[in-house]
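Scroll down for the structure; my scribbles are underneath it.
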Amino acid sequence: MLSVLEEYKEYLDADTIIVAHSLSVPFALNVIEQYPIGTAFFVAGFIGKTGNKYDDGMKTFAQREFDWKKIRSNCHKFRVIYSDNDPYIRTEKSIELANNLETDPTLVKAAGHFNSGDGYTSFELLLTKIKEIL
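Residue numbering for the sequence shown follows my numbering, starting at 1 and increasing by one per position.
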């Protein structure tokens, strides 16, 4: 799965910032487990089964045991942002993710899944949090 990243691994370093949303969060965790980076922002993120109709398609990379110690060693700054009314990702899944990353999650009330259907064509809070670390 990560073989496609081989040609880009030279660009992954302590200055790298990964922003991942929803299904790309478990993928990003797989990347961080193997390559050190600087910071990761996870929006509507989860690990394991979500309890929705997409679970079967995510078995290979989302529903596995992650090496959390290695992930935390490879990335020292994590930000987890979640909503209290996401129709796809239950609140407790984002909190579980944050707990495994040993970070405090940020709740954005009534943000849904942070997609255009929920009014998110831009995300000022995320931009502000990214600027804070630059």
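In this text, a Cβ means the ideal position worked out from N, Cα and C, and glycines have one as well.
Handout entry: Environment of Thr-121 [buried if 16+ CB atoms lie within 10 Å]
Key = Counting from 1 along the sequence shown, the entry for residue 121 is found at position 121. It is exposed - the Cβ of Thr-121 has fewer than 16 other Cβ atoms within 10 Å.
Practice task
Quick one: residues in its chain with C-beta nearer than 6 Å to the C-beta of Phe-41, no 5 flanking neighbours on either side, listed in chain order?
Solution key: Here residue 41 corresponds to residue number 41 of the sequence shown, with the count starting at 1. So the qualifying residues of the chain are Val-19, Arg-79.
Exercise for the section: In the DSSP assignment, find the unbroken beta strand (DSSP E) run with Ile-81 in it and report its ends. Expected result: One-based indexing of the sequence shown puts residue 81 at position 81. 77 to 83 is the span of the beta strand (DSSP E), which, as asked, contains Ile-81.
Exercise for the section: Could you pull the start and end residues of the alpha helix (DSSP H) that Phe-27 belongs to? Expected result: Residue 27 sits at position 27 when you count from the first residue of the sequence shown. Taken as a continuous stretch (DSSP letters only), the alpha helix (DSSP H) holding Phe-27 covers 24 to 34.
Exercise for the section: Counting only the same chain and skipping the five closest in sequence on each side, list residues whose C-beta sits under 7 Å from that of Asp-118. Expected result: In the sequence shown, counting from the first residue as 1, residue 118 sits at position 118. These residues qualify, in order along the chain: Ala-111, Gly-112.
Practice task
Taking only the alpha-carbon atoms, compute the straight-line gap between Thr-16 and Asn-85 and give it to the nearest angstrom.
Solution key: As a working mapping, residue 16 is identified with position 16 in the sequence shown. As a working mapping, residue 85 is identified with position 85 in the sequence shown. When rounded, the distance between both Cα atoms is 30 Å.
Practice task
Express the C-alpha separation of Leu-101 and Phe-27 in angstroms, rounding to a whole number.
Solution key: Within the sequence shown, numbered from 1, the residue matching residue 27 stands at position 27. Within the sequence shown, numbered from 1, the residue matching residue 101 stands at position 101. Rounded to whole angstroms, Phe-27 to Leu-101 spans 15 Å at the Cα level.
Problem - Residue span of the alpha helix (DSSP H) that contains Ala-44, given as start and end - result: As a position in the sequence shown, residue 44 is number 44, starting the count at 1. Where Ala-44 is concerned, there is no enclosing alpha helix (DSSP H), given that its DSSP letter is neither H nor E.
Handout entry: Val-4 versus Val-25, His-21, Val-31, Ser-22, residue with shortest Cα-Cα distance
Key = By one-based count along the sequence shown, residue 4 stands at place 4. Comparing Cα positions, the closest option is Val-31.
Exercise for the section: Under 6 Å Cβ to Cβ from Cys-75, same chain only, skipping five residues before and after it: list those, please. Expected result: Counting from one through the sequence shown, the residue named residue 75 turns up at place 75. For Cys-75, where only same-chain residues beyond five positions count, the Cβ hits under 6 Å are Ile-32, Ile-37, Ala-40.
Exercise for the section: Kindly indicate the opening and closing residues of the beta strand (DSSP E) around Ile-17. Expected result: As a first step, residue 17 is located in the sequence shown; it is residue number 17 there, counting from the start. Looking at the DSSP string, the run of the beta strand (DSSP E) that includes Ile-17 is 17 to 21.
Practice task
Compare the beta carbon distance of Ser-73 and Lys-109 with 9 Å and say whether it is the shorter of the two.
Solution key: Counting from one through the sequence shown, the residue named residue 73 turns up at place 73. Counting from one through the sequence shown, the residue named residue 109 turns up at place 109. Not closer than 9 Å, so no.
Handout entry: Distance CB(His-21)-CB(Gly-45) smaller than 9 Å
Key = Counted from its first residue, the sequence shown places residue 21 at position 21. Counted from its first residue, the sequence shown places residue 45 at position 45. In contact: His-21 and Gly-45 (Cβ atoms closer than 9 Å).
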